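Peer 1: Its first residue numbered 34, the sequence shown is counted upward by one per residue in this note's numbering.
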Amino acid sequence: MILRKKIVSFFVVVALFSAPLIVTEKAIAETTPVISGEISGVEACIQDICHFAIFLGIFRGIMGTRPALGFFSAAAQHESPIPQLLGETVAITEG
Numbered sequence: 034m035i036l037r038k039k040i041v042s043f044f045v046v047v048a049l050f051s052a053p054l055i056v057t058e059k060a061i062a063e064t065t066p067v068i069s070g071e072i073s074g075v076e077a078c079i080q081d082i083c084h085f086a087i088f089l090g091i092f093r094g095i096m097g098t099r100p101a102l103g104f105f106s107a108a109a110q111h112e113s114p115i116p117q118l119l120g121e122t123v124a125i126t127e128g
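Right, dumping it as structure tokens:
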């Protein structure tokens with residue numbers, strides 16, 4: 034009987050001291066996975082011919098914790114002339 038009371042007392046003490054630890058832990062879930070990687074593509078049709086600059090390419094990277102591979106296409110209109118030197122920019126007007 035004494036052993037049984039000691040065991041019950043032990044579990045009561047453990048429950049009382051561990052309850053705050055259990056309550057204070059939070060479960061954090063991320064609903065939007067982080068996407069990182071790089072895209073590589075080519076200009077499939079220049080703006081002077083197609084009225085839009087059309088680009089096609091691939092994406093290689095990571096979505097969340099998984100490797101990912103995909104394709105992309107984009108169409109945009111930009112100011113002319115296109116930059117000739119590294120570091121020059123031009124405004125994208127549509128797309």
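Glycine residues also receive a C-beta, built at the ideal position from the N, C-alpha and C atoms.
Bear in mind the structure is a predicted one, so any value in this text is a computation, not a measurement.
How about Gly90 and Ala109: do their beta carbons lie closer than 8 Å?
Peer 2: For the purposes of this step, residue 90 is taken as the residue at position 57 of the sequence shown. For the purposes of this step, residue 109 is taken as the residue at position 76 of the sequence shown. Not a contact, by the Cβ cut-off of 8 Å.
Peer 1: Between which residues of its own chain and Ala101 is the CB-CB distance below 8 Å, once the five residues before and five after are set aside?
Peer 2: To locate residue 101, count along the sequence shown from 1; it is residue 68. So the qualifying residues of the chain are Ile68, Gly70, Phe92, Arg93, Gly94 and Ile95.
Peer 1: Which of the three DSSP states, helix, strand or coil, is assigned to Ile91?
Peer 2: To locate residue 91, count along the sequence shown from 1; it is residue 58. In this structure, Ile91 counts as strand in the three-state DSSP scheme.
Peer 1: Taking the continuous beta strand (DSSP E) assigned at Gln110, which residues delimit it?
Peer 2: What you label residue 110 is simply residue 77 of the sequence shown in a count that begins at 1. Taken as a continuous stretch (DSSP letters only), the beta strand (DSSP E) holding Gln110 covers Arg99 to His111.
Peer 1: Note the first and the last residue of the continuous alpha helix (DSSP H) segment covering Ile202.
Peer 2: Residue 202 cannot be examined here, being either before or after the span of the chain that is shown, 34 to 128.
Peer 1: Please go through the same chain and pick out, in chain order, the residues whose beta-carbon is closer than 6 Å to the beta-carbon of Ala107, but skip the five residues on each side of it.
Peer 2: The residue given as residue 107 occupies position 74 in the sequence shown. Excluding sequence neighbours, Ala107 sits near Phe88.
Peer 1: If you draw a straight line from the alpha carbon of Thr126 to that of Glu76, how long is it in whole angstroms?
Peer 2: Locating residue 126 in the sequence shown gives position 93, where the first residue counts as 1. Locating residue 76 in the sequence shown gives position 43, where the first residue counts as 1. Cα-Cα distance, rounded: 17 Å.
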